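With the numbering used here as the guide, the letters of the sequence shown map in order to residues 10 to 428. Notes for the one structure printed next.
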Amino acid sequence: MLRKILFVALIQLGSIAAFAQTGTISGTITDSKTTEAIIGANVVIQGTSVGAATDIEGNFTIKNVKPGTYTLSVSFITYKTHTIPDVVVEAGKISTITIQLLEDATELQEVVVTGKREINNDISLMSAIKDSKLVVSGISAQQIVKLPDNDAAQVMKRVPGITIVDNRFVMVRGVPERYNQVLLNGGVAPSTEIDKRSFSFDLISSSAIDQLLIYKSGTAELPGDFAGGIIKVITKQTPSENYFNFGLNFGYRVGTTFESFSETERSKTDFLGFDTGLRTLPSSFPTTKEIKSASTISSIRESAARQLNNGFGYTNTTAPMDYGFSGGFGRNFTVGAVDVSTLANISYSTSYLNYAPNIIRYSSFDSDPETISEKQFEFKDNSFSRESKVSFVNNWLFKLSDNHQIEFKNLFVQIGENK
């Protein structure tokens with residue numbers, strides 16, 4: 010027991026002797042303007058790795074420093090590094106110092122972040138719908154690529170409140186197509202029909218669309234001449250990066266595909282949607298005005314009828330599956346000091362349709378719902394149609410400077426139907 014007491018006493022005496030040979034540096038670090046304590050400031054003895062950090066009250070303590078004269082370095086983020094020379098440390102004593110740090114106010118230059126807004130994804134679509142104060146629905150290119158649809162009319166079938174008539178015209182909430190307004194890339198789209206205001210949405214390939222928005226209520230920012238809805242069609246913009254894509258699609262139509270199919274003589278380019286001259290009228294054929302003004306038994310009408318191609322024969326075959334393909338590419342390059350962007354997209358499709366119309370003509374309208382007028386005639390027929398469609402989109406953008414650019418948007422559509 011006595012040995013243990015002597016051993017502990019020797020250790021304590023050694024510690025006291027060691028402490029008597031070193032000193033301590035302590036102090037407080039504050040902000041020079043606010044005098045608030047700086048938490049986490051680093052205090053280091055220059056030339057060594059000995060140091061300490063300030064606590065929540067801005068105090069620090071560096072223990073076991075050999076006697077001598079030292080230089081302290083004090084640093085903290087957003088403050089200028091402060092150097093304190095000639096700090097004297099004496100054995101067994103505490104050297105106390107007070108330090109005030111100055112803010113390191115550095116003025117940064119203006120930072121400008123530029124970017125191109127993408128509108129072909131679901132996030133952009135949902136953002137546009139959310140920010141709008143109107144009743145609006147839509148669909149984006151990100152959704153369209155997942156669908157087997159070939160044109161804008163087929164795509165719009167997916168939108169709530171939309172009805173497609175004749176596979177090309179759009180009814181919004183049951184209102185006929187002539188009461189709608191169509192905006193194509195921000196401009197009013199012309200009517201595709203001669204006798205009414207209508208736009209045929211099967212003219213636009215689905216692969217050429219970036220975004221479709223259907224507004225079902227009016228606002229000051231939109232044209233006011235509509236009762237059904239306003240349909241905004243935005244075709245693909247210039248690419249943000251180089252790309253290439255290609256796709257094939259096939260469709261099965263109940264009642265037509267792999268069934269008996271009849272068709273008349275076709276020209277060599279019918280599959281592209283245009284005729285090479287097989288159906289061209291003779292050069293001596295009377296004008297429409299001459300035929301209408303002539304009597305029924307006029308020689309003009311007889312001559313015109315004899316000049317027409319009388320090839321009414323047809324061939325029987327089997328209708329294949331509907332088919333089509335689409336491809337596109339986008340490129341960015343530089344010509345001199347001009348940044349050039351271009352994209353091109355081509356789409357092709359051929360579809361077959363067979364149906365049996367029942368045509369009835371009555372002698373008069375029914376004034377009494379319980380009485381049915383006499384039929385003038387009634388017959389059932391078989392209708393066979395083959396439709397080929399070619400669509401091509403090519404957009405160019407020439408960026409002359411940050412504030413000036415020239416953009417060209419081109420859309421070509423060719424549709425041919427043999428019925």
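Using N, Cα and C, we set each Cβ at its ideal position, and we do this for glycine too. Since this is a predicted model, take the numbers as computed values, not measurements.
Asked, Found
"Leaving aside the five residues before and after Val174 along the sequence, list all residues of the same chain whose C-beta is less than 7 angstroms from its C-beta, in chain order.", "Met180, Glu186"
"Let me know the secondary structure DSSP gives Thr297 once reduced to three states.", "helix"
"On the DSSP letters alone, give me the boundaries of the alpha helix (DSSP H) that Met180 sits inside.", "First-last for Met180: 178-181, but that is the beta strand (DSSP E), not the alpha helix (DSSP H)."
"Return the chain-ordered ranges of every beta strand (DSSP E) run that is complete within the region 325-370 and spans a minimum of 3 residues.", "331-344, 347-364"
"Tell whether a beta-carbon distance below 8 angstroms holds between Ser394 and Val422.", "no"
"On the three-state DSSP scale, how would you describe Phe85?", "coil"
"Alpha carbon to alpha carbon, what distance is there between His91 and Ser84?", "6 angstroms"
"Mind checking which residues open and close the alpha helix (DSSP H) that includes Ser292?", "Counting along the chain, Ser292 falls outside any alpha helix (DSSP H), and DSSP gives it neither H nor E."
"Between the C-alpha atoms of Ala18 and Val53, what's the straight-line distance to the nearest angstrom?", "Bear in mind that the predicted position of Ala18 carries a pLDDT of just 48, short of 50, making it unreliable; the figure below should be weighed with that in mind. Whole-angstrom Cα-Cα distance: 35 angstroms."
"To the nearest angstrom, report how far apart Ser216 and Lys418 are at their CA atoms.", "15 angstroms"
"How close, in whole Å, do the beta carbons of Lys384 and Asn367 come, if the pair is a contact with beta carbons under 8 angstroms?", "No, Lys384 and Asn367 are not in contact; Cβ-Cβ is about 12 angstroms, not under 8 angstroms."
"Measuring straight from C-alpha to C-alpha, what distance separates Ile25 and Thr115?", "The pLDDT assigned to Ile25 is 44, lower than 50, so where the model puts this residue is not dependable, and the model offers no usable value."
"For the candidate residues Gly256, Ala161, Val242, whose alpha-carbon lies nearest to that of Gly6?", "Outside the displayed span of the chain (10 to 428) sits residue 6, for which this structure offers no information."
"Mapping the DSSP letters down to three states, classify Ala229 as helix, strand or coil.", "coil"
"Give the DSSP-derived three-state secondary structure of Phe210 in the structure shown.", "helix"
"Taking buried to mean at least 16 other C-beta atoms within 10 Å of its own C-beta, is Gln118 buried or exposed?", "exposed"
"Going straight from the alpha carbon of Asp331 to that of Ile132, what length do you get?", "33 angstroms"
"According to the Cβ coordinates, are Thr37 and Gly67 closer than 8 angstroms?", "yes"
"Apart from the five residues on each side of it in sequence, which residues of its chain come closer than 8 angstroms, Cβ to Cβ, to Val197?", "Gln190, Val191, Pro232"
"Once the 5 residues before and after Thr324 are set aside, which same chain residues still bring their CB inside 6 angstroms of it?", "none"
"Assign Lys398 to buried or exposed, taking buried as 16 or more other Cβ atoms, counted over all protein chains shown, within 10 Å of its Cβ.", "buried"
"Could you tell me whether the Cβ atoms of Leu110 and Tyr88 are closer together than 8 angstroms?", "yes"
"Specify the secondary structure class of Ser136 as computed by DSSP and reduced to three states.", "helix"
"Nearest to Ser392 by CA position, among Thr273, Ala313, Ala314, is which residue?", "Thr273"
"Of the choices Val347, Leu222, Lys408, whose alpha-carbon is the least far from that of Lys166?", "Leu222"
"What would DSSP say about Gln220, mapped onto helix, strand or coil?", "strand"
"In whole angstroms, what is the alpha-carbon distance linking Asp158 and Ile369?", "34 angstroms"
"Using the rule of at least 16 other Cβ atoms within 10 Å of the residue's Cβ for burial, across every protein chain shown, is Asp234 buried or exposed?", "exposed"
"Measure the alpha-carbon distance for Thr430 versus Gly101 and round it to whole angstroms.", "Lying before the first or after the last residue shown, residue 430 is absent from the chain, which here runs from 10 to 428."
"Taking buried to mean at least 16 other C-beta atoms within 10 Å of its own C-beta, is Ala236 buried or exposed?", "exposed"
"State the beta-bridge partners of Ala46 as determined by DSSP.", "Thr39"
"Look at the alpha carbon of Ile20 and the alpha carbon of Gly56, and state the distance between them as a whole number of angstroms.", "Per-residue confidence for Ile20 stands at a pLDDT of 49, beneath the threshold of 50, marking its modelled position as unreliable; no derived number is given."
"With distances taken from CA atoms, which of Lys205, Asn130, Met135, Arg177 is nearest Lys155?", "Asn130"
"If I measure Cβ to Cβ from Leu290 and keep anything under 6 angstroms in the same chain, skipping five residues before and after, which residues do I get?", "none"
"In chain order, what residues of the same chain lie with their CB nearer than 7 angstroms to the CB of Glu45, ignoring the 5 residues before and after it?", "Thr39"
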